[in-house]
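Before any comments, here is the structure.
Residue numbers (my numbering): 73 to 232.
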């Protein structure tokens, strides 16, 4: 059964919802898992590095500061995320290659699309608190996302 953020919100009122700024682009319309965080305004080196490592069902939360001059995720990096067992990626920024990303078994939420790739300079901070959309994300929290929105929880939720 696919998760439903409205049902989870009703059952767990302590969850917090991200402001409605994201669009679902991945082939998985609903996804959940523990989070890893990354801050990298216009460099996707660490996004690539993370999605090329074992994800164990995690969701990568990326704060690009809403920068709209480059895309931080494309089809090749997204395919690596699928191969390495990532549940999803949420980007406070932009992505490209959406026609391919829509076919992948990966949850992807982002602000929008932009065709230009980012430079790779090895910049970014992994495992730090990131804040956007009215929420502060910390490693080890849990995200539940679907076409209705995104919920953040301090703990794993059991909907049964």
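Note that beta-carbon positions come from the ideal geometry of N, C-alpha and C, so glycine has one too. Just so you know, these numbers come straight off a predicted model, no measurement behind them.
| Item | Value |
| --- | --- |
| In the DSSP assignment, the alpha helix (DSSP H) including residue 148 goes from what residue to what residue? | 147 to 155 |
| Is the region 96 to 112 in contact with the region 152 to 170, if contact means three or more CB pairs nearer than 8 Å? | yes |
| Does the region 107 to 124 come close enough to the region 84 to 93 that 3 or more CB-CB pairs lie under 8 Å? | no |
| Go through its chain and collect everything with a Cβ distance to residue 146's Cβ below 6 Å, but skip five positions before and after it. | 168, 169 |
| Rounded to the nearest angstrom, how far is the Cβ of residue 229 from that of residue 80, given a contact under 8 Å? | 6 Å |
| State the start and end residues of the unbroken alpha helix (DSSP H) segment that holds residue 122. | 117 to 123 |
| Could you tell me the alpha carbon to alpha carbon distance between residue 222 and residue 171, rounded to whole angstroms? | 22 Å |
| Would you tell me roughly how many angstroms separate the C-alpha atoms of residue 181 and residue 194, rounded to the nearest one? | 23 Å |
| Between residue 142 and the rest of its own chain, which residues show a CB-CB distance below 6 Å, the 5 nearest in sequence each way excluded? | 114, 188, 190 |
| Could you tell me which residues DSSP pairs with residue 133 in its beta bridges? | 109, 162 |
| Looking at C-alpha atoms only, which residue of 218, 137, 225, 227 is the closest neighbour of residue 74? | 218 |
| Going along the chain, which residues of its own chain have a beta-carbon closer than 6 Å to the beta-carbon of residue 139, five neighbours each way excluded? | 113, 114, 165 |
| Leaving out five residues before and five after residue 185 in sequence, what residues of the same chain have Cβ atoms less than 8 Å from its Cβ? | 97, 143, 166, 167, 168, 170 |
| Taking just the CA atoms, how far does residue 154 sit from residue 121? | 14 Å |
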